[in-house]
Amino acid sequence: MLTVRPLEKLGTAIEVPGDKSCSHRAAILAGLADGVSEVKGFLPSEDCLCTLKAMMQLGVQVEEVNSTCWGPIDLRITGTNMKLTAPTGDLDCGNSGTGMRLLAGVLAAQGFESRLIGDDSLQSRPMGRVTVPLESMGAKFESEGEKPGCAPLRISGGSLKSIRYEMPVASAQVKSSILLAGLFAEGETTVVQPAVTRDHTERMFADFGIECKVDGNSISVKGGQNPQAADLQVPGDFSSAAFWLVAAAAHPGSELRINTVGLNPTRTALMTVLERMGAQFEIEELGSNGGEPIGNILVKGKGLKGTEILEEEVPNLIDEVPILAIAAALAEGTTTIRNAEELRVKETDRIMAVVDNLKRIGVSVEEFQDGMVIEGGNPLKGAEIESYGDHRIAMAFAIAGLFLSEGEIDIQNSKCIATSYPGFRDALNTMRTGGEVKIL
Ligand code: S3P
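Following my numbering, the numbering of the sequence shown begins with 5 at its first residue and continues without gaps.
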């Protein structure tokens, strides 16, 4: 259990751990590459370690160059030059949808059988969104779970043909899965996304010398390209920074610097929204690392007012909705979050989980199939919170705990935080009492 008491004095500077999306991709691409890649700032969270371990089971060699108490962060990865070997056992993706969907793309093209497994949450998430297009490329998937179309997935891979695929959902995981399969396919594979989604795969392809054509919302990759080993530094995770951005933005008079964080424009819509709500940001650009723009963010807390989230902003802040809902609860007036039905198939049903927990802390909220409307500005009261095993729910409500007007917040089932931010609890203790947090 994680107990959070109200803020004494918000810390002034923080560094967040490596980006989760980039860490998964670095493990996979370095593992497929020809040669030895140095990956610095890898996120040693449960999700990313599952992907790394799966790549090791497929023949990739990983040497730990530096580590923290949570696991390896600087890695030397010896790639297989696109020649993975059959794994001896199941490949366990834990809680990670990204890991499973991206690995499914790679395994679809291998001339051996493999099986992807995951925890209870992952076994209830839709995998048809990747298995349908990957089957049309020539792979065979058997969904062995209790729920149709869900994991465990048994994969019989082989030679693939290229496809042009119009994705029914705006999902970077689906896009990336098909593009990874496309590297092994005959001809050019094209994915058309209904809205812009995070583009880490396309950017990291360039680092590994893979050509990929982006034309508006369609992305194409030619098969037969071998990634070349690359050295890269994973930027700080904007989605982890989001918790501190909101803590500072909602605390009038605070000034918080978040150092060396990824500022990929397909990830940062939360800042646009918080600005509309009244927060002030200054960005110090620090160039780019591994194709990803990075910088320091200075947030000035001003007291927030409600806003409406635009439909086109949703894919760009999808992981930030739980913490955005806390900002909305702390803001004066109404905040509307709609067009976000995807939240129902994340690590848990995040619409249900956010609405349930907001009610527990005394916030007035109306639930819709595709989102919620929150009436903010009333005092928050202490309560027992249920994380539903979802890291972002646990962390969002931990931040709410800083702003209680009475009592404390007890987060049940808080171990899940380690799936994306293993150092969160320590960071929270330091930030609640005015300190500074550095990684390493
Ligand atoms: C991710 C994409 C998003 C996001 C997830 C990570 C990725 O999922 O929610 O946490 O790394 O590609 P979808 O692309 O399926 O929306």
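We put the beta carbon where it would ideally sit given N, CA and C, even for glycine.
Residue i vs residue j beta-carbon contact at 8 Å
| i | j | result |
| --- | --- | --- |
| Leu-126 | Ala-108 | no |
| Ala-404 | Ile-413 | yes |
| Gly-380 | Ile-355 | no |
| Thr-205 | Leu-183 | yes |
| Pro-426 | Pro-48 | yes |
| Gly-83 | Gly-39 | yes |
| Ile-167 | Thr-193 | yes |
| Ala-113 | Pro-231 | no |
| Leu-111 | Ser-118 | yes |
| Ala-253 | Val-20 | no |
| Leu-95 | Leu-120 | yes |
| Ile-18 | Ala-431 | yes |
| Glu-316 | Val-277 | no |
| Glu-67 | Leu-53 | no |
| Ile-81 | Gly-35 | yes |
| Gly-439 | Gly-122 | no |
| Asn-361 | Ile-389 | yes |
Buried versus exposed call for residue i [16 or more other C-beta atoms within 10 Å across all chains shown]
| i | result |
| --- | --- |
| Arg-396 | buried |
| Asp-51 | buried |
| Gly-115 | exposed |
| Pro-383 | exposed |
| Val-218 | exposed |
| Pro-269 | exposed |
| Gln-197 | buried |
| Pro-137 | buried |
| Lys-419 | exposed |
| Ile-350 | Note on residue identity: the sequence assigns Lys, not Ile, to residue 350. Lys-350 is buried by the Cβ-count criterion. |
| Asn-433 | exposed |
| Ser-140 | exposed |
| Arg-207 | buried |
| Asp-241 | buried |
| Arg-202 | buried |
| Asn-70 | exposed |
| Ala-210 | exposed |
| Asp-394 | buried |
| Gly-295 | buried |
| Gly-220 | exposed |
| Glu-291 | Going by the sequence as given, residue 291 is Gly instead of Glu. It is exposed - the Cβ of Gly-291 has fewer than 16 other Cβ atoms within 10 Å. |
| Gly-132 | exposed |
| Gly-257 | exposed |
8 Å contact criterion, which residue i and residue j should meet: CB distance rounded
| i | j | result |
| --- | --- | --- |
| Asn-263 | Asn-293 | No, Asn-263 and Asn-293 are not in contact; Cβ-Cβ is about 13 Å, not under 8 Å. |
| Pro-239 | Asp-23 | 5 Å |
| Phe-401 | Ile-415 | 6 Å |
| Leu-164 | Ala-143 | 7 Å |
| Thr-102 | Ser-25 | 7 Å |
| Ser-222 | Val-178 | Rounded, the Cβ-Cβ distance is 14 Å, inconsistent with contact. |
| Leu-6 | Arg-429 | 6 Å |
| Leu-260 | Glu-286 | The pair is not a contact, with the Cβ atoms about 11 Å apart (cut-off 8 Å). |
Nearest neighbour of residue i, chosen from the options [CA to CA]
| i | options | result |
| --- | --- | --- |
| Val-369 | Val-43, Leu-267, Ala-234, Ile-330 | Ile-330 |
| Pro-297 | Glu-351, Thr-272, Glu-317 | Thr-272 |
| Ile-159 | Arg-105, Val-43, Thr-434, Ala-344 | Arg-105 |
| Trp-248 | Thr-7, Thr-102, Arg-436 | Arg-436 |
| Ala-332 | Leu-274, Cys-54, Lys-144 | Leu-274 |
| Gly-282 | Glu-289, Leu-260, His-255 | His-255 |
| Leu-11 | Leu-33, Asn-417, Glu-410, Gly-149 | Glu-410 |
| Ala-234 | Cys-97, Ser-41, Leu-33, Phe-428 | Ser-41 |
| Pro-152 | Lys-144, Pro-130, Gly-142 | Pro-130 |
| Ala-251 | Leu-408, Val-69, Lys-87 | Leu-408 |
| Val-367 | Met-208, Gln-373, Leu-334, Gly-142 | Leu-334 |
| Gln-373 | Ala-344, Ser-175, Leu-406 | Ala-344 |
| Ala-189 | Gly-149, Ser-147, Ser-224, Val-43 | Ser-224 |
| Gly-161 | Val-200, Ala-185, Arg-9 | Ala-185 |
| Val-8 | Lys-442, Ala-387, Val-441 | Ala-387 |
| Ala-176 | Ser-128, His-28, Thr-352 | His-28 |
| Arg-280 | Asn-361, Trp-74, Glu-288, Gly-305 | Gly-305 |
For the stretch 296 to 313 and the stretch 329 to 342, state whether three or more C-beta atom pairs, one from each stretch, are separated by less than 8 Å. yes
Cβ contact check for the stretch 84 to 98 and the stretch 52 to 63: 3 or more pairs under 8 Å: yes
Assess contact between the stretch 320 to 329 and the stretch 355 to 367, defined as three or more Cβ pairs (one per stretch) separated by less than 8 Å. Is contact present? yes
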